[in-house]
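Take a look at the structure set out below.
The following block contains the structure:
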């Protein structure tokens, strides 16, 4: 029986992924910042709930050690914990910039560094980083989030080559618009009431975004969990797995100037 460790498993994609793998007979190490609040997972025999905060190095080491002690091995790591900052870049505080990268980039880096000795010892392992369509397509008002996901994608692609000789594989899952709390408690607004020069563009862009997270028009976390399971069980060397085909397809088919022009037009932005 294989074992998977998932960060950010308390809600959304992480929670759906934990349940997906448990149903498939895997041992699941479901990590979260507040495990004491979890009640459903503790009733499932093959799910082990433990504390992990990607901003706290010691908690990462402890969660991995506890998982190995519980199940004897870890075969797959899913770096799922993350959130998004939204707003004008100039409004971001130094603390907001630092935390966006702590959680979305430096946290996954530390998880990977912490599991690699175990994977090297076993001469096998799989790292799945949950990125986003925002890791390949940048959108206005998502500058911090986009840049963190671009960084995560770059890390993953570089590790593909670096770890292959050790029989350690890496994959990227890029969800499109998904019905999670991303636009709620997982969103950090960047606000500065003194930056009135941006008011018009914020309103214009905001009106475009209003319909994007309509629950009727987005993917369910379960669909993304199924994609993560597909990535975890796919023996091929495929790097990327994504939902949200339409925008990705447009990005791949158009040259850069055409794509940027189309995106600017959609947001009502004139680029000089």
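Residue numbers (our numbering): 1143 to 1414.
Ideal Cβ positions, reconstructed from N, Cα and C, are used throughout, including at glycine.
Small disclaimer: the values here were computed from a predicted structure and weren't measured.
Residues 1171 and 1212 of the same chain have their beta carbon placed closer than 6 Å to that of residue 1190, with the five preceding and five following residues left out of the count. Secondary structure note for residue 1313: its beta strand (DSSP E) is the uninterrupted segment 1310-1316. In terms of Cβ geometry, residue 1276 and residue 1287 form a close pair [threshold 7 Å]. Contact fails between the stretch 1198-1213 and the stretch 1230-1240, because fewer than three Cβ pairs, one in each stretch, are under 8 Å apart. The Cβ atoms of residue 1229 and residue 1245 lie no closer than 7 Å to each other.
Cα atoms of residue 1184 and residue 1159: separation of roughly 16 Å, rounded to the nearest angstrom. Using a 10 angstroms sphere on the CB of residue 1156, the tally of other CB atoms reaches 16 or more, which defines it as buried. Inter-residue distance for residue 1182 and residue 1391 is about 38 Å (C-alpha atoms, whole angstroms). The alpha-carbon of residue 1345 is positioned some 24 Å away from that of residue 1290. Comparing alpha carbon positions, the residue from 1196, 1298 and 1267 closest to residue 1273 is 1298. If you draw a 10 Å sphere on the C-beta of residue 1313, you find 16 or more other C-beta atoms in it, and that means buried. Nearest in C-alpha terms to residue 1293, of all of 1271, 1368, 1307 and 1145, is 1271. Taking 8 Å as the upper bound for CB-CB distance, residue 1374 and residue 1218 are in contact here, some 5 Å apart.
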